[in-house]
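Working notes, beginning with the structure itself.
Protein chains in written order, with this note's numbering: chain W, 251 to 518; chain E, 251 to 518; chain D, 251 to 518.
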């Protein structure tokens, strides 16, 4: 659908023009890589987790990302505070429930965060999203043991119940608000051979949300852009190391026009 | 010795087939790079340090890595808990005593961890391993000030006393259980110009231990594989930046057959 | 001015020969990248923040870096202790006031650190340095919203008041002790498209200070070297990902002779 690709292109263009400040409370593994993703995209990352500065940062940032990897108790308090502040000032907030379903601590924290301040978008792999539904799901680790197709029912249910957008990423991506659903295709299997590519998807969703009010379309646009990045990044890559270097180069290089021509989003 | 290289090749093949989940409690500097090493190898990393999830993670992971870099008190409690849980469920556990010998805090913590739950393998540089013996050793920083040859006596002593496997890495690597000793050669000096290459060796040892019960041979196989990676990674590298990119590419690319043909392990 | 470039070349040569141990208390985002910068340069990084080992590390390190990114209360205590210890043993200490001016927590912490133990050098972007002067300054995030020229007055004032060296980095760099001022030119705009390049500048300043007593000249030399690195790193780069790989390669590769010939420092 050309209209959706065009929308994605326009949203990318707005990110590059407005350079939104994205506040991330994220895990230690991906702090460097996701900061680089945001800078390559033209956004401005700010990583901060101290309670003492949550209010000041809420005042200067345009979107919030909460990522539950390498979770610990002291960080949950800041996550809750930041999420609540985002809701108060009507700022978009993306939750990445890393490891939900893998341990009770992560599953409970995801449920607590969602109850405390419903996210604008929840971006996870199939296992993580399924763990948020009433049926729940058990995962072997932080890598998904389910396919995106397995998660369609749970995604619709969770999206409707929470009045939020669910973005499930994998071989293909599903984005749904429980009523409208989009499927994004493209990408490359090597995305699974590099750490933090899901977390990278999350921050790109955050940057797109910061400049576009329709959260469902913003999330679909962001993920279509990132799938295109992965496709392009394979050129000249000889393994996951050089692939990731190319991913950063492509996030920087791909133009709105290329997104309009090549992004693959469809209404399902 | 062809038999040893063949064993290493078979163990690599098992890692790729079984995709073991490796629980890492590691330092902030290398969380990203070692997660990428494990993914490139075909294993599944999980980084977690909260007491609240130590039990759940012990239940889903196939090996444990404890790395003492960027150490602080709250993490030691989780390290002890995870190590004890690994012993209880007979899961292999590798200790990387980063900075032992450099500060009393690190040396004492290494001794405490070892006393509390003896590791399956201890992987360190010569200075770190020497600091664990009864003679002790003082280091200038986290980089070794001793050669692997300096550490042969201490390695044998510590291995016998603790009934553990000692793996000392450097220009060449020594792996010993106090009775059988192996020497691994190959590699490249640029390994010392990149941060976390010792920590990378540690997680590879963890992944090999997860699929092979003979810990001495598993550790020797892992280190022979990594030396071969370093040798290959030099092709096309023009400095430590591009060298590390190649290291990740080669971890992904090197096949069991290449390990069988080119790994250099000998009984000493 | 050839004499200044020659001085920079000689200082780089001393870093490579003496391999100083640099203690960093830095943020989670750049721990890996700045450790790699120091290793590529020929220095030896040690990252440690536990109060229990501050004294032992002060005894074995040749310079201290304190970086306020991803700040939290427990780390401030260690920063204060390390800074005070550095003053006591007359060891150079560089402060990187990341985010000062962006939140009150960061601004107050910067002022507290400076009051408690005046740094040898403060390295920041224009907005951060301006936030340290009596007029103050408000920033939108951690990226500068002011130019180096905006910060000339504040830099001179702060340098004189604190008897310290101020190094403001940006499109060009200003280094001043309030009496002597140097301007460094070169570099590349892609430095702003990679996370932690300011933090990288800070650790390079630390390494140069560890081997050269004239802090103003040491800082100017370090920044002139880093500008040259950026210029060289652009060759063959196709975006911020490959650019950063090249930066690490060039830090390793650039010789004192090349610095003597191409570094651009001038007295202003």
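Backbone N, C-alpha and C fix where the C-beta goes; we use that ideal spot for every residue, glycine too.
Is the distance from the Cβ of residue i to the Cβ of residue j below 8 Å?
i                      : j                      : result
residue 371 of chain D : residue 319 of chain D : no
residue 445 of chain E : residue 496 of chain D : no
residue 417 of chain W : residue 400 of chain W : no
residue 303 of chain W : residue 276 of chain D : no
residue 259 of chain D : residue 510 of chain D : yes
residue 514 of chain E : residue 451 of chain E : no
residue 294 of chain W : residue 269 of chain W : yes
residue 489 of chain E : residue 480 of chain D : no
residue 475 of chain E : residue 262 of chain E : yes
residue 478 of chain D : residue 504 of chain D : yes
residue 404 of chain E : residue 385 of chain E : yes
residue 458 of chain E : residue 265 of chain E : yes
Quick one: is residue i buried, meaning 16 or more other Cβ sit within 10 Å of its Cβ, or exposed?
i                      : result
residue 398 of chain W : buried
residue 345 of chain E : buried
residue 323 of chain E : exposed
residue 462 of chain D : buried
residue 365 of chain W : exposed
residue 439 of chain E : exposed
residue 338 of chain D : exposed
residue 327 of chain W : exposed
residue 518 of chain E : exposed
residue 394 of chain W : buried
Along chain E, in chain order, which residues have C-beta atoms closer than 9 Å to that of residue i?
i                      : result
residue 448 of chain W : The premise fails here: residue 448 of chain W is roughly 12 Å from chain E at the closest Cβ pair, so nothing lies under 9 Å.
residue 490 of chain W : 286, 289, 290, 498, 499, 501, 502
residue 319 of chain W : 297, 298
residue 306 of chain D : 352, 353, 354, 355, 356
Which same chain residues end up closer than 6 Å to residue i when comparing Cβ atoms and leaving out the 5 residues on each side of it in sequence?
i                      : result
residue 350 of chain E : 356, 357, 360, 378, 381
residue 494 of chain W : 444
residue 273 of chain W : 296, 307, 311, 314
residue 421 of chain E : none
residue 487 of chain D : 493, 496
residue 506 of chain W : 259, 262, 263
residue 254 of chain E : 515
residue 437 of chain D : 477, 480
Just to make sure I have the definition right: I need the residues of chain W whose C-beta is within less than 8 Å of the C-beta of residue i. Which are they?
i                      : result
residue 476 of chain E : Residues of chain W passing the Cβ test: none, with the nearest at roughly 15 Å.
Secondary structure at residue i, three-state DSSP: helix, strand or coil?
i                      : result
residue 374 of chain W : strand
residue 516 of chain D : strand
residue 278 of chain W : coil
residue 393 of chain W : coil
residue 315 of chain E : strand
residue 293 of chain E : coil
residue 398 of chain D : coil
residue 284 of chain W : helix
residue 429 of chain W : coil
residue 306 of chain W : helix
residue 339 of chain E : coil
residue 424 of chain E : strand
residue 504 of chain D : coil
residue 438 of chain W : coil
residue 361 of chain W : helix
residue 459 of chain E : helix
residue 382 of chain E : coil
residue 328 of chain W : helix
residue 416 of chain W : strand
residue 271 of chain W : strand
residue 447 of chain E : helix
What in chain D is Cβ-close to residue i, meaning under 7 Å?
i                      : result
residue 495 of chain W : 491, 492, 495
residue 279 of chain E : 281, 282, 285, 297
Does any heavy atom of the ligand GTP sit closer than 7 Å to the C-beta of residue i?
i                      : result
residue 493 of chain D : No copy of the ligand GTP occurs in the structure displayed, which carries no ligand at all.
Can you name the residues of chain E whose CB is closer than 7 Å to the CB of residue i?
i                      : result
residue 322 of chain W : 299, 300
residue 470 of chain W : Chain E residues near residue 470 of chain W: none, gap ~27 Å exceeds 7 Å.
What residues from chain B crowd round residue i, counting only those whose CB sits closer than 7 Å?
i                      : result
residue 282 of chain W : In the structure shown, chain B cannot be found, because the protein chains are W, E and D.
Suppose the cutoff is 7 Å on Cβ atoms and the five residues either side in sequence are ignored; what does the same chain contact list for residue i look like?
i                      : result
residue 562 of chain D : As displayed, chain D neither begins before 251 nor continues past 518, which places residue 562 of chain D out of reach and without an answer.
residue 467 of chain D : 257
residue 406 of chain D : 426, 428
residue 414 of chain W : 368, 369, 370, 371, 372
Could you work out which residues of chain D lie near residue i, taking near to mean beta carbons separated by less than 9 Å?
i                      : result
residue 303 of chain W : 321, 349, 352, 353, 354, 355, 356
For a contact meaning CB atoms closer than 7 Å, what does residue i contact in chain W?
i                      : result
residue 443 of chain D : 289, 290, 502
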